[in-house]
Amino acid sequence: MDLAYSDEQRMFADSANEVLTKRALKSDPQSLWPEMAELGWLALPIPESYGGFGQGAADVGILTERFGRHLVVTPYVPAIVLCGRLIASLGSDAQKAALLPGLANGSLRLALAHTERGARHTLQHVTLAASVDGSGWRLSGEKLAAIGADEADLILVSARLSGDSRDAKGIAVFLLDPGQAGLRIDRYATVDGASAAQLTLTDVHLPASARLGATVGAAGDEAFAALEQAFDAAIAAWCAELLGLMEAATAATIDYTKVRVQFGKPLAANQVLRHRMADMSVHCEVARSMALRAALYVDHADVSQRARAVSGAWAKVIRAARSVTEEAIQMHGGMGVTDELNVGLFLKRVLALEAVVGGAEHHLRRHAAHSARRMANA
Numbered sequence: 016m017d018l019a020y021s022d023e024q025r026m027f028a029d030s031a032n033e034v035l036t037k038r039a040l041k042s043d044p045q046s047l048w049p050e051m052a053e054l055g056w057l058a059l060p061i062p063e064s065y066g067g068f069g070q071g072a073a074d075v076g077i078l079t080e081r082f083g084r085h086l087v088v089t090p091y092v093p094a095i096v097l098c099g100r101l102i103a104s105l106g107s108d109a110q111k112a113a114l115l116p117g118l119a120n121g122s123l124r125l126a127l128a129h130t131e132r133g134a135r136h137t138l139q140h141v142t143l144a145a146s147v148d149g150s151g152w153r154l155s156g157e158k159l160a161a162i163g164a165d166e167a168d169l170i171l172v173s174a175r176l177s178g179d180s181r182d183a184k185g186i187a188v189f190l191l192d193p194g195q196a197g198l199r200i201d202r203y204a205t206v207d208g209a210s211a212a213q214l215t216l217t218d219v220h221l222p223a224s225a226r227l228g229a230t231v232g233a234a235g236d237e238a239f240a241a242l243e244q245a246f247d248a249a250i251a252a253w254c255a256e257l258l259g260l261m262e263a264a265t266a267a268t269i270d271y272t273k274v275r276v277q278f279g280k281p282l283a284a285n286q287v288l289r290h291r292m293a294d295m296s297v298h299c300e301v302a303r304s305m306a307l308r309a310a311l312y313v314d315h316a317d318v319s320q321r322a323r324a325v326s327g328a329w330a331k332v333i334r335a336a337r338s339v340t341e342e343a344i345q346m347h348g349g350m351g352v353t354d355e356l357n358v359g360l361f362l363k364r365v366l367a368l369e370a371v372v373g374g375a376e377h378h379l380r381r382h383a384a385h386s387a388r389r390m391a392n393a
């Protein structure tokens, strides 16, 4: 298997790097989304039949790796990867035709509201209730940490039709207008400088067409599989982002220790510090192979193999990212915790993504559960 980038992928990586390097001089973060639409970045993973380029997880990873390298905090992954995959997997032909072209050209902003209180990163934990109300639906409940929901034109909301709070079956996904009666959106800032929202739904009435794909009477047994695969694709993209972030933090640390002088010598002359920076570089190389492995398995037909590859990769990458960014701060000294340098911001982004995706322990448990399932079925 040839794991090297193609010429087209190398050109794309260089182009994205050049664009984001120039963007560092701009002070308006809101201008990035239309710029990404103009460059075709939003269309990257959208199917060609709906105005996209139909590229895979490896190509998305090339872009998100550059986001990490330049510390670009954007809802690209939640909006384009998560929501785009959910609509492509669950949506009816009419819903796909209505939503995916707008997502690809930037005229439609989407967000996913799935996380709930007490879930602890368990994906099937859904308590927000959806019940049949005449020819439509009535939704009540609460969602937390909906990234980008405060700026979205439409919000995808997961809800429970039947079963217990952690059943994989009985889940559905609905399209929700932010101006819907009975919906309250409370925005708050996240540690990495982005924003998220808490959604409170009180007897929100939706038409039958608001449910992705299925009809009113359908049980909703296919939604969790689509959610799980969409989140795996998002995790693979975030693995690549953390890789870019780690490499940038390592490079910044190496450069700083070359010019920071103590006791008449640069810090880089200290052998212990050189060994620690070598360890940071090793972490980056391990993260690169793990991020690529996750991307290659995102569309694997075997759910257990995909889950093991993605969760195994995340467990390695998030631990490596914590180690690299914490080392970078320590070797920068007091400057590392100020906003004057990006070093502290690197760690804040790592912490924010860990809060969204879960830590290494959670994903190691998921890896073990799928390994046991695979052995039982062998």
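All you need for our numbering is the position in the sequence shown, starting with 1, plus 15. Positions of the beta carbon are idealized from the N, C-alpha and C atoms, including for glycine.
Does DSSP put residue i in a helix, in a strand, or in coil?
i, result
"L307", "helix"
"F425", "A query on residue 425 cannot be resolved here, the shown segment of the chain reaching from 16 to 393 and no further."
"Y91", "helix"
"T215", "strand"
"Y20", "coil"
"C360", "Here residue 360 is Leu; the residue named in the question, Cys, does not match the sequence. It is helical."
"K37", "helix"
"D270", "helix"
"A52", "helix"
"G373", "coil"
"G232", "A caution first: G232 carries a pLDDT of 49, below 50, which makes its placement in the model too unreliable to give a value."
"I186", "strand"
"S173", "strand"
"G351", "helix"
"G149", "coil"
"V365", "helix"
"L57", "coil"
"P143", "Residue 143 is actually Leu in this sequence, not Pro. In the structure shown, L143 sits in coil (DSSP, three-state: anything other than H, G, I, E or B)."
"R181", "coil"
"V276", "strand"
Among residues of its own chain, excluding the 5 on either side of residue i, which ones have a beta-carbon nearer than 7 Å to its beta-carbon?
i, result
"Q15", "Residue 15 lies beyond the stretch modelled for the chain, which goes from 16 to 393, so this question has no answer here."
"T217", "S155 and G197"
"E262", "R84 and C299"
"T89", "L47 and F82"
"A134", "H140"
"L54", "V34"
For residue i versus residue j, is the C-beta distance shorter than 9 Å?
i, j, result
"A209", "A367", "yes"
"L169", "L97", "no"
"L86", "L362", "no"
"I162", "A204", "no"
"S173", "H220", "no"
"G66", "P60", "no"
"L242", "G106", "no"
"A72", "A245", "no"
"A19", "S122", "no"
"R199", "E166", "no"
"V365", "L260", "yes"
"L214", "A293", "no"
"G151", "P222", "yes"
"A252", "T79", "yes"
"C254", "A316", "no"
"L190", "A225", "yes"
Given residue i, which residues of its chain have a CB within under 8 Å of its CB, disregarding the five upstream and five downstream residues?
i, result
"V274", "P281"
"H382", "A322, R323, S326, G327 and A330"
"T137", "R181"
"R132", "E157 and L159"
"P93", "A126, L127, I162, G163 and A249"
"F239", "L138, Q139, A183, K184 and I186"
"R291", "E342 and M346"
"A306", "G76, E80, A251, C254, A255, L257, L258, A328 and V332"
"Q70", "L59 and P60"
How close, in whole Å, do the beta carbons of residue i and residue j come, if the pair is a contact with beta carbons under 8 Å?
i, j, result
"R321", "V332", "With a Cβ gap of about 16 Å, R321 and V332 do not count as contacting."
"L171", "G185", "Between G185 and L171 the Cβ distance is about 17 Å, and since that is not below 8 Å, they are no contact."
"T272", "A283", "4 Å"
"R380", "S319", "Actually they are not in contact, since the Cβ atoms of R380 and S319 sit about 14 Å apart, beyond 8 Å."
"I102", "L57", "Between L57 and I102 the Cβ distance is about 14 Å, and since that is not below 8 Å, they are no contact."
"R334", "A375", "5 Å"
"M390", "V339", "Not a contact, Cβ separation roughly 34 Å."
Which residues in the same chain as residue i place their Cβ atom closer than 6 Å to its Cβ, once the five residues preceding and following it in sequence are excluded?
i, result
"F82", "E256"
"R303", "L258"
"Q195", "V219"
"S104", "A241"
For a cutoff of 9 Å on Cβ pairs, would you count residue i as touching chain D?
i, result
"L216", "Absent here is chain D; the protein component of the structure consists of one chain."
**Asked** Which full runs of the alpha helix (DSSP H) of 4+ residues lie inside the stretch 96 to 130, going along the chain?
**Response** 99 to 105 and 108 to 120
**Request:** Starting from the N-terminal side, write out each stretch of the alpha helix (DSSP H) that is 4 residues or longer and does not extend beyond the stretch 278 to 347.
**Result:** 286 to 312 and 318 to 347
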